[in-house]
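Asks: Sharing a structure, written as structure tokens. Questions coming.
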Amino acid sequence: AAVLAREAGYDGVEVMGSEGYLINQFLASETNLRADQWGGDFERRCRFPEAILSRMREAVGEDFLIMYRLSMLDLVAGGSNWEEIERLAQRVERAGTNIINTGIGWHEARIPTIATMVPRGGFRFVTKKLMGAVNVPLVTTNRFNDPATCEEALAEGCADMISMARPFLADPHLVKKARLSRAKDINTCIGCNQACLDHVFKRKVSSCLVNPRACHESDFPAIPRPEASQSAADRGGQGGKQLAGRRIAVVGGGPAGMSAALERARLGADVVLFERQAQLGGQFLLAQHIPGKFEFNETIRYFETQLAHLGVDVRLGTVATTEDVAAFDE
Ligand SMILES: Cc1cc2nc3c(=O)[nH]c(=O)nc-3n(C[C@H](O)[C@H](O)[C@H](O)COP(=O)(O)O)c2cc1C
Ligand code: SF4
Numbered sequence: 194a195a196v197l198a199r200e201a202g203y204d205g206v207e208v209m210g211s212e213g214y215l216i217n218q219f220l221a222s223e224t225n226l227r228a229d230q231w232g233g234d235f236e237r238r239c240r241f242p243e244a245i246l247s248r249m250r251e252a253v254g255e256d257f258l259i260m261y262r263l264s265m266l267d268l269v270a271g272g273s274n275w276e277e278i279e280r281l282a283q284r285v286e287r288a289g290t291n292i293i294n295t296g297i298g299w300h301e302a303r304i305p306t307i308a309t310m311v312p313r314g315g316f317r318f319v320t321k322k323l324m325g326a327v328n329v330p331l332v333t334t335n336r337f338n339d340p341a342t343c344e345e346a347l348a349e350g351c352a353d354m355i356s357m358a359r360p361f362l363a364d365p366h367l368v369k370k371a372r373l374s375r376a377k378d379i380n381t382c383i384g385c386n387q388a389c390l391d392h393v394f395k396r397k398v399s400s401c402l403v404n405p406r407a408c409h410e411s412d413f414p415a416i417p418r419p420e421a422s423q424s425a426a427d428r429g430g431q432g433g434k435q436l437a438g439r440r441i442a443v444v445g446g447g448p449a450g451m452s453a454a455l456e457r458a459r460l461g462a463d464v465v466l467f468e469r470q471a472q473l474g475g476q477f478l479l480a481q482h483i484p485g486k487f488e489f490n491e492t493i494r495y496f497e498t499q500l501a502h503l504g505v506d507v508r509l510g511t512v513a514t515t516e517d518v519a520a521f522d523e
């Protein structure tokens with residue numbers, strides 16, 4: 194598989210040694226019940242990942258990255274102890290690994306590892322314990338969803354690098370925005386799992402609650418495809434501003450209204466958003482107060498910032514009347 198990845202143009206691969214998958218099962222005495230050279234004492238339980246890594250290195254050569262995701266906290270009975278984890282890290286380094294990533298918890302673990310209730314970067318202390326025990330860079334992970342928390346973890350010496358997964362579904366431009374010091378423009382992953390992992394477990398295409406375009410980019414392009422009946426001049430002829438000059442009223446500043454206003458403003462429309470409450474957010478205002486759901490406030494912040502950037506006229510504390518909306522095109 195690593196050779197195929199290399200041929201396909203990738204710079205490296207990650208070997209999945211955590212989360213309770215096969216390699217992890219070989220490592221834990223609770224699940225590895227073999228009595229041959231692949232099971233028994235710790236040395237023999239390590240042979241499986243070692244064999245994979247050394248054969249892989251042999252096959253791909255030296256100038257290809259091999260990362261190993263090491264379960265540093267199994268969170269299940271009969272998992273590896275810390276001494277074993279440290280020794281395993283040294284062994285996978287010797288077997289040809291360039292970078293070690295952190296794995297937290299088997300899928301069978303009953304302790305939340307990525308849900309919103311896990312504090313941002315809450316497992317960084319686990320990776321920190323391994324710092325200094327190996328010579329290769331260490332990556333820490335889970336619930337890093339904003340640049341400030343990443344910077345904090347690096348400054349605290351918790352890891353050499355930070356891994357993010359879901360935050361890129363929520364906002365594929367996260368790194369660029371962080372680099373430009375535009376953290377307020379990031380559409381933040383709220384850790385809900387509702388459209389990413391929940392979809393995967395139902396064999397549906399993964400997406401994102403706060404960015405439904407994720408993994409559906411060609412179904413819902415940011416700039417709508419022209420209708421076949423449109424003339425060449427009309428087809429995107431206005432630089433993607435197909436709604437330029439149109440006046441559009443959106444009634445209700447909850448998630449749907451904020452999103453509708455934003456998408457139309459992006460296409461060049463003059464948008465007025467009516468909200469009878471004193472704040473934008475709708476149901477999300479309520480949701481953010483439920484314990485473990487505080488990240489919903491980030492979604493409201495994201496929309497507020499974007500609506501302001503695009504000059505949407507937000508009328509708070511205003512009930513839209515028929516007269517108010519009569520003058521609009523839509
Ligand atoms: C849809 C989805 C699929 C994932 N698949 C894998 C996987 O195949 N291998 C893996 O090591 N982790 C996988 N993960 C877990 C992520 O690598 C990551 O550890 C986890 O989402 C926590 O980090 P985050 O808070 O940055 O998302 C997946 C996560 C999601 C949301
Ligand atoms: S659905 Fe989106 S916001 Fe929710 S956890 Fe997944 S990536 Fe994050």
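Numbered by my numbering, the letters in the sequence shown go through residues 194 to 523 in order.
Even for Gly, the Cβ is constructed at its ideal location relative to N, Cα and C.
Here the structure is a predicted model, which means the values were calculated and not measured.
With DSSP as the reference, identify every bridge partner of GLU301, one or two as the case may be.
Replies: The residue labelled residue 301 in the question sits at position 108 within the sequence shown. Per DSSP, none; premise fails for GLU301.
Asks: Is DSSP giving GLU207 helix, strand or coil here?
Replies: Taking the first residue of the sequence shown as position 1, residue 207 is located at position 14. Note: GLU207 maps to strand in three-state DSSP.
Asks: Can you round the beta-carbon distance between PRO313 and THR334 to whole angstroms, since I take them to be within the 8 angstroms contact cut?
Replies: For this step, residue 313 is matched to residue 120 along the sequence shown. For this step, residue 334 is matched to residue 141 along the sequence shown. Just to set this straight, residue 313 is Arg in the shown sequence, not Pro. The pair is not a contact, with the Cβ atoms about 12 angstroms apart (cut-off 8 angstroms).
Asks: What residue does the beta strand (DSSP E) around VAL464 start on, and which one ends it?
Replies: Sequence index remark: in the sequence shown, residue 464 carries index 271 (1-based). Looking at the DSSP string, the run of the beta strand (DSSP E) that includes VAL464 is 463-468.
Asks: From which residue to which residue does the alpha helix (DSSP H) around THR333 run?
Replies: Locating residue 333 in the sequence shown gives position 140, counting from the first residue. Per DSSP, THR333 belongs to no alpha helix (DSSP H); it is in the beta strand (DSSP E), 331-333.
Asks: Output the distance between the C-alpha atoms of GLU279 and ASP391, rounded to the nearest integer angstrom.
Replies: For the purposes of this step, residue 279 is taken as residue 86 along the sequence shown, with counting starting at 1. For the purposes of this step, residue 391 is taken as residue 198 along the sequence shown, with counting starting at 1. Approximately 33 angstroms, taken between the alpha carbons.
Asks: Among VAL253, LEU263, LEU246 and GLY205, which residue has its Cα nearest to the Cα of TYR214?
Replies: Position 21 of the sequence shown, counting from 1, holds the residue named residue 214. Checked all of VAL253, LEU263, LEU246 and GLY205; the closest Cα to TYR214 is LEU263.
Asks: Ignore the nearest five residues each way along the sequence and tell me which others in ARG440's own chain have a CB closer than 6 angstroms to its CB.
Replies: Position 247 of the sequence shown, counted from the start, is the residue given in the question as residue 440. So the qualifying residues of the chain are ASP463, PHE521 and ASP522.
Asks: Compute the beta-carbon to beta-carbon distance between PHE489 and GLN481, rounded to the nearest angstrom, for a pair I have assumed lies under 8 angstroms.
Replies: Residue mapping note: residue 489 aligns to position 296 of the sequence shown, counting from 1. Residue mapping note: residue 481 aligns to position 288 of the sequence shown, counting from 1. That pair is a contact at about 4 angstroms.
Asks: Tell me the DSSP secondary structure of THR306 in three-state form.
Replies: Locating residue 306 in the sequence shown gives position 113, counting from the first residue. If DSSP states are grouped into helix, strand and coil, THR306 belongs with coil.
Asks: With a threshold of 6 angstroms on Cβ separation, who are the neighbours of VAL393 within its own chain once the five nearest residues in sequence on each side are excluded?
Replies: For this step, residue 393 is matched to residue 200 along the sequence shown. If we look at VAL393 and ignore the five residues flanking it on each side, its Cβ neighbours are SER399.
Asks: Would you tell me roughly how many angstroms separate the C-alpha atoms of ALA415 and ARG459, rounded to the nearest one?
Replies: As a working mapping, residue 415 is identified with position 222 in the sequence shown. As a working mapping, residue 459 is identified with position 266 in the sequence shown. Going by the C-alpha atoms only, they are around 9 angstroms apart.
Asks: Are there any heavy atoms of ligand 2 lying less than 7 angstroms away from the beta-carbon of ILE383, as far as the coordinates show?
Replies: By 1-based counting over the sequence shown, the position of residue 383 is 190. Flag set: Cβ of ILE383 near ligand 2.
Asks: For ligand 2, is there a heavy atom less than 7 angstroms away from the beta-carbon of LEU367?
Replies: As a first step, residue 367 must be located in the sequence shown, where it is residue number 174. LEU367 Cβ: outside cutoff for every heavy atom of ligand 2.
Asks: Run the proximity test for GLN481: is its beta-carbon closer than 7 angstroms to any non-hydrogen atom belonging to ligand 2?
Replies: As a position in the sequence shown, residue 481 is number 288, starting the count at 1. False, no ligand heavy atom lies under 7 angstroms from that Cβ.
Asks: State the DSSP-derived secondary structure class of MET354, mapped to helix, strand or coil.
Replies: The sequence position of residue 354 within the sequence shown is 161, counting from 1. Strand at MET354.
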